Amino acid sequence: MTVIGLGAMGRALAGAFLDNGHPTTVWNRTAGKGGELTERGATEAATVAEAIAASPIVVVCVLDYDAVREVLGAPGASDLADLADVLDTPGTPEAPGTSGTPDGSGTSGTQGTVAGLLSGRTLVNLTNGTPRQARELARWASERGADYLDGGIMAVPPMIGTPGSLILCSGSPEAFTAHERTLSATGAVSYLGEDAGRASLYDIALLSAMYGMFGGFFHAIAMVGSEKVPATEFTPLVVSWLNAMITSLPGMAKAYDANDHSAAASNLRMQAEAFVNLLDASGEQGVSAELLEPMGTLLHRGVAANLGEGDISALIDLLRTDPAGSRTPDRTT
2 MTVIGLGAMG
12 RALAGAFLDN
22 GHPTTVWNRT
32 AGKGGELTER
42 GATEAATVAE
52 AIAASPIVVV
62 CVLDYDAVRE
72 VLGAPGASDL
82 ADLADVLDTP
92 GTPEAPGTSG
102 TPDGSGTSGT
112 QGTVAGLLSG
122 RTLVNLTNGT
132 PRQARELARW
142 ASERGADYLD
152 GGIMAVPPMI
162 GTPGSLILCS
172 GSPEAFTAHE
182 RTLSATGAVS
192 YLGEDAGRAS
202 LYDIALLSAM
212 YGMFGGFFHA
222 IAMVGSEKVP
232 ATEFTPLVVS
242 WLNAMITSLP
252 GMAKAYDAND
262 HSAAASNLRM
272 QAEAFVNLLD
282 ASGEQGVSAE
292 LLEPMGTLLH
302 RGVAANLGEG
312 DISALIDLLR
322 TDPAGSRTPD
332 RTT
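Residue 324 in our numbering sits at position 323 of the sequence shown, with consecutive numbering throughout.
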């Protein structure tokens with residue numbers, strides 16, 4: 002097992018593998034982060050090439066896809082599809098930005114050394130990114146003979162290795178079958194199908210729901226704080242209220258899949274009118290309404306689109322910028 006990237010999450014992943022008895026090699030672009038792991042039995046590689054060569058499965062967990070491409074010697078995102086074959090053609094002039102040290106010790110332009118070492122290995126990329134980025138990197142890795150799994154980590158570092166940790170995976174089914182048990186050292190692992198972009202899609206969607214919740218909570222605390230109500234006094238009410246409201250989500254999901262928003266306990270028009278009070282009260286209390294205003298705009302768009310008599314779940318379609326696209330749920334995964 003090799004782990005590339007020793008930020009807080011990378012260190013947690015490597016620690017979980019070690020705790021479960023997996024021989025683990027680690028590498029980080031900035032030296033000095035592997036000390037605690039080596040004391041626990043990890044081997045710290047001197048170069049990224051050495052780290053990849055050490056194991057049949059390579060886990061990458063770095064800041065973003067730019068860092069992934071730099072470490073692996075891959076071209077930029079817009080070039081992945083066009084340059085993947087060209088860069089490996091003998092005698093082809095070197096593309097700008099791909100020169101590097103011949104021993105793989107650098108992180109810019111290790112295309113020839115590092116990318117070549119991926120053949121026959123499984124690359125597990127746990128770096129946050131977009132579905133498009135995941136699919137492009139999957140194609141690039143496949144062209145170099147590597148099996149590719151993309152993953153979304155639904156946990157914070159202290160949760161890794163506990164039952165509360167979840168890693169969403171998509172990509173090569175053969176790779177997942179072969180390495181599921183190893184990856185489960187980090188916690189629960191869920192396979193979403195062969196499309197390498199699916200895990201990233203779920204990751205971003207789940208984080209969107211999380212940040213929406215955080216935004217509402219921050220606004221609520223600012224509101225009661227305007228009259229010196231302690232956040233700790235008010236928060237139990239928020240938790241209880243949100244837990245009650247969460248029970249409505251499955252019904253909204255069913256309405257969306259069926260494209261039937263007629264069952265509304267409180268229709269969209271009523272909610273749009275009531276929402277004005279949230280904006281007015283925020284101004285009166287000296288609290289910015291910037292987190293609420295987009296929802297207010299969307300509610301009034303729904304009324305203008307003649308959706309006012311239906312459920313608030315009808316707003317989901319207004320968020321789609323591809324109205325020509327199919328609304329049929331994908332049941333293939």
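In this text, a Cβ means the ideal position worked out from N, Cα and C, and glycines have one as well.
Remember, predicted model here, so these are calculated numbers, not experimental data.
Straight-line gap, residue i to residue j (C-alpha atoms, nearest Å)
i           : j           : result
residue 214 : residue 136 : 29 Å
residue 292 : residue 118 : 47 Å
residue 17  : residue 204 : 21 Å
residue 276 : residue 298 : 10 Å
residue 185 : residue 192 : 11 Å
residue 323 : residue 183 : 39 Å
residue 238 : residue 315 : 28 Å
residue 141 : residue 240 : 45 Å
residue 41  : residue 25  : 10 Å
residue 55  : residue 209 : 37 Å
residue 223 : residue 3   : 45 Å
residue 65  : residue 131 : 10 Å
residue 43  : residue 160 : 20 Å
residue 228 : residue 282 : 13 Å
residue 287 : residue 244 : 28 Å
residue 304 : residue 280 : 18 Å
residue 273 : residue 51  : 59 Å
residue 233 : residue 219 : 13 Å
residue 91  : residue 58  : Any reading at residue 91 is ruled out, since the residue's pLDDT is 38, under 50, leaving its predicted position unreliable.
residue 173 : residue 35  : 30 Å
residue 114 : residue 32  : 20 Å
residue 106 : residue 254 : Residue confidence for residue 106 is low, a pLDDT of 41 falling below 50, so the modelled location carries little weight; the figure read from the coordinates is stated next. Residue 106 and residue 254: Cα-Cα distance of roughly 50 Å.
residue 225 : residue 48  : 53 Å
residue 335 : residue 187 : The question about residue 335 has no answer, for the chain in this structure spans 2 to 334.
residue 320 : residue 235 : 32 Å
residue 317 : residue 267 : 16 Å
residue 242 : residue 181 : 38 Å
residue 221 : residue 300 : 19 Å
residue 294 : residue 258 : 27 Å
residue 302 : residue 246 : 23 Å
Residue i classed as buried or exposed, judged by whether at least 16 other C-beta atoms fall within 10 angstroms
i           : result
residue 63  : buried
residue 134 : buried
residue 212 : exposed
residue 251 : exposed
residue 45  : buried
residue 28  : buried
residue 5   : buried
residue 312 : buried
residue 248 : exposed
residue 284 : exposed
residue 169 : buried
residue 70  : buried
residue 10  : buried
residue 199 : buried
residue 296 : buried
residue 97  : Unreliable positioning characterises residue 97 in this predicted model, as indicated by a pLDDT of 32, which lies under 50. The coordinate reading is nonetheless provided below. Residue 97 should be labelled exposed.
Test item: CB-CB of residue i and residue j under 9 Å
i           : j           : result
residue 1   : residue 30  : Since the first residue of the chain shown is 2 and the last is 334, residue 1 is not available in this structure.
residue 156 : residue 166 : yes
residue 14  : residue 60  : yes
residue 189 : residue 164 : yes
residue 197 : residue 171 : yes
residue 177 : residue 150 : yes
residue 260 : residue 201 : no
residue 310 : residue 265 : yes
residue 145 : residue 53  : no
residue 162 : residue 307 : no
residue 153 : residue 124 : no
residue 12  : residue 231 : no
residue 38  : residue 19  : yes
Segment limits, beta strand (DSSP E) that includes residue i
i           : result
residue 189 : 189-192
residue 167 : 167-172
residue 154 : 148-155
residue 5   : 3-5
residue 26  : 26-28
residue 125 : 123-126
Endpoints, the alpha helix (DSSP H) within which residue i is located
i           : result
residue 277 : 269-285
residue 240 : 232-247
residue 317 : 317-320
residue 1   : Any question about residue 1 goes unanswered here, given that the chain covers just 2 to 334.
residue 1   : Missing from the structure shown is residue 1; the chain here goes from 2 to 334 and no further.
residue 131 : From DSSP, residue 131 is part of no alpha helix (DSSP H); its letter is neither H nor E.
residue 250 : 250-259
residue 226 : 199-226
residue 13  : 9-20
residue 311 : Here residue 311 belongs to no alpha helix (DSSP H), and DSSP marks it neither H nor E.
residue 38  : 36-40
Those residues which DSSP pairs with residue i across a bridge
i          : result
residue 62 : According to DSSP, residue 62 bridges with nothing at all.
residue 45 : 27
heavy atom of the ligand NAP below 8 Å from residue i C-beta
i           : result
residue 266 : This structure does not include the ligand NAP; it has no bound ligands of any sort.
Neighbour flag for residue i against chain D, beta carbons, 9 Å
i         : result
residue 3 : No chain D appears in the structure shown, which is made up of a single protein chain.
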